[in-house]
Amino acid sequence: MASNYNEEDIKSLDWKEHIRLRPGMYIGKLGDGSAADDGIYVLVKEVIDNCIDEHTMGFGRHVDVTLSQKVVTIRDYGRGIPLGKVVDVVSKINTGAKYDSKAFQKSVGLNGVGTKAVNALSSYFKVESFREGKAKVAEFERGVLTKEHKETTTTEENGTLVTFIADEKIFHNYKFLHEYLDNQFWNYCYLNAGLVINFNSKRYISKNGLLDLLTRKTNADELRYPIIHLKGEDIEIALSHNNDYGEDIFSFVNGQYTTQGGTHQQAFREGYVKVIRDFYKKDYDVADIRQSIVAAVSVRVQEPVFESQTKTKLGSSVVSEGGPSMKKFEEVYRRFLSKRIR
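Numbering (our numbering) for the sequence shown: 7 to 348.
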């Protein structure tokens with residue numbers, strides 16, 4: 007029999023209570039670390055995304071990541087969080103510098119949620135900001151501020167240092183697997199050629215971007231021709247064909263690996279077919295053109311729209327067939343074909 011429904015049934019949760027009660031809304035599935043998309047890896051990603059946004063804006067050439075037991079420490083060498091807003095940035099929902107696209111452009115961290123989710127879902131969370139010889143430190147437990155340190159002088163380089171321990175009350179019996187972190191760090195470097203990520207004793211760097219990514223993801227002996235690598239303003243593509251069935255496409259937006267694809271991936275698929283048909287002036291079957299294609303596609307757009315906070319699928323209509331990014335791809339690929347045929 008239905009229970010009564012009245013004013014006492016209506017509850018208002020603060021930001022950290024809501025994140026802890028409904029973590030799936032913010033980080034996807036929880037898991038124990040045995041799958042690449044488990045929540046503990048999303049926590050790492052949310053912090054590093056901010057480091058990458060700094061790098062993309064031209065601040066900080068490397069990121070240091072350490073993992074000791076279950077303690078994760080991530081240090082960038084960007085501008086550092088403005089000292090007067092250190093606490094707010096990691097503990098006030100919908101607070102950040104990425105709403106008006108002035109301090110950050112073509113960023114992936116748009117919703118002011120990322121580090122707040124990490125904070126709320128960590129049994130211990132510490133943020134340190136270094137700016138122009140001054141430092142500010144704040145410590146939290148499960149999103150609750152436990153100690154706000156006074157500003158001090160420092161000899162540290164500018165940047166931000168975040169330390170956290172994922173809460174075992176949320177992530178039961180979890181364990182970080184290095185193979186998943188390894189893949190995550192390589193993707194960051196492929197998408198940001200020249201960026202250096204130091205993880206414990208290992209150094210990650212890519213000089214050739216998506217060319218390196220596709221080289222690593224494929225077997226050269228199985229490719230039908232050498233990988234084609236094309237770059238234009240706000241778009242980079244690497245592609246080839248192998249002998250497998252179907253399509254294998256890795257897609258990214260503003261450095262975010264969109265595992266479920268989205269409008270940019272669909273636009274690439276349609277644009278590729280269009281170029282082949284137009285160039286050869288033949289109405290080839292779509293399935294024949296796409297069969298066995300292996301590709302990596304990366305675009306950068308202002309204020310991308312994702313279908314969830316985990317940002318695994320792009321919904322922005324601006325990245326579509328006929329859009330500026332895809333027109334650029336079609337133009338560059340036509341030129342490539344012309345040179346190749348000659």
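Backbone N, C-alpha and C define an ideal beta-carbon position, used for all residues, glycine too.
Own chain residues within Cβ distance below 7 Å of residue i, not counting five before or after
i            : result
arginine 340 : Val281 and Phe285
leucine 217  : Ile233, His235 and Ala244
lysine 108   : The pLDDT assigned to lysine 108 is 49, lower than 50, so where the model puts this residue is not dependable, and the model offers no usable value.
Inter-residue spacing [alpha-carbon to alpha-carbon] between residue i and residue j
i                 : j              : result
tryptophan 192    : leucine 201    : 10 Å
glutamate 60      : asparagine 198 : 12 Å
lysine 22         : valine 124     : 10 Å
glycine 73        : asparagine 206 : It should be pointed out that residue 73 corresponds to leucine in this sequence rather than to glycine. Answer to the nearest angstrom: the Cα atoms are 7 Å apart.
aspartate 106     : valine 307     : Caution applies to aspartate 106, whose pLDDT of 46 falls short of 50 and renders its modelled position unreliable; the model cannot decide the point.
aspartate 70      : glutamate 145  : 20 Å
valine 92         : valine 133     : 8 Å
lysine 175        : isoleucine 211 : 35 Å
phenylalanine 274 : alanine 244    : 11 Å
glutamate 228     : lysine 288     : 27 Å
glutamate 242     : isoleucine 171 : 36 Å
arginine 81       : glycine 165    : 7 Å
lysine 76         : histidine 155  : 24 Å
glutamate 239     : valine 150     : 43 Å
histidine 270     : tyrosine 251   : 22 Å
valine 96         : arginine 296   : 44 Å
lysine 153        : valine 48      : 26 Å
isoleucine 58     : aspartate 188  : 16 Å
lysine 17         : tyrosine 290   : 59 Å
threonine 62      : asparagine 260 : 9 Å
phenylalanine 182 : arginine 137   : 32 Å
glutamate 14      : histidine 184  : 47 Å
asparagine 204    : valine 292     : 43 Å
alanine 226       : glycine 30     : 39 Å
phenylalanine 131 : isoleucine 54  : 15 Å
Cβ-based burial, residue i [other Cβ within 10 Å; buried from 16]
i             : result
glutamine 262 : buried
histidine 235 : buried
asparagine 56 : buried
alanine 126   : buried
leucine 27    : exposed
glutamate 209 : In the sequence as displayed, the identity of residue 209 is arginine instead of glutamate. The residue is exposed, with fewer than 16 neighbouring Cβ atoms inside 10 Å.
tyrosine 11   : exposed
alanine 302   : buried
tyrosine 32   : buried
arginine 222  : exposed
serine 128    : buried
aspartate 173 : buried
serine 40     : exposed
aspartate 294 : exposed
Residue nearest to residue i in terms of C-alpha spacing, selected from the options
i              : options                           : result
leucine 167    : His247, Asp254 and Lys142         : Lys142
arginine 230   : His247, Thr72 and Thr224          : His247
glutamate 163  : Arg28, Lys17, Gly86 and Gln272    : Gly86
threonine 224  : Asn249, Asp20, Asn204 and Thr158  : Asn249
glutamate 337  : Ser304, Ala302 and Tyr278         : Tyr278
isoleucine 178 : Lys17, Lys98 and Lys35            : The question names isoleucine, but residue 178 is histidine in the sequence shown. For the residues Lys17, Lys98 and Lys35, the minimum Cα distance to histidine 178 belongs to Lys35.
cysteine 195   : Asn214, Tyr186 and Leu183         : Asn214
leucine 220    : Ser257, Glu239, Asp291 and Gly238 : Ser257
tyrosine 186   : Ile46, Val150 and Tyr290          : Ile46
arginine 148   : Ser298, Ala293, His24 and Ser344  : His24
leucine 343    : Arg283, Val53 and Ile54           : Arg283
serine 304     : Thr265, Ser135 and Asp294         : Thr265
Neighbourhood of residue i by C-beta distance below 6 Å, restricted to the same chain and skipping five residues each side
i                : result
aspartate 254    : Val300
phenylalanine 65 : Gly84 and Arg85
aspartate 38     : Asn179 and Tyr180
histidine 68     : Val202
threonine 79     : Thr72 and Thr169
alanine 42       : Tyr186
aspartate 44     : Gly37
Residues near residue i in its chain [Cβ-Cβ closer than 8 Å; skip 5 each side]
i             : result
lysine 51     : Gln190
lysine 140    : Leu89, Glu157, Thr158, Thr159 and Thr160
isoleucine 99 : Trp21, Gly118, Val119 and Lys122
> Which runs of the beta strand (DSSP E) fall wholly inside the stretch 214-264 and span at least 3 residues, in chain order?
Replying inline: The qualifying runs are 234-238, 241-247 and 254-259.
> Where in the stretch 114-139 do unbroken runs of the beta strand (DSSP E), each at least 3 residues long, occur, reported from the N-terminal end onward?
Replying inline: Those beta strand (DSSP E) runs which fall completely within the stretch 114-139 and span 3+ residues are 128-137.
>> Which runs of the beta strand (DSSP E) at least 3 residues long sit entirely within the stretch 24-61? Give them in chain order.
In response: Those beta strand (DSSP E) runs which fall completely within the stretch 24-61 and span 3+ residues do not exist here.
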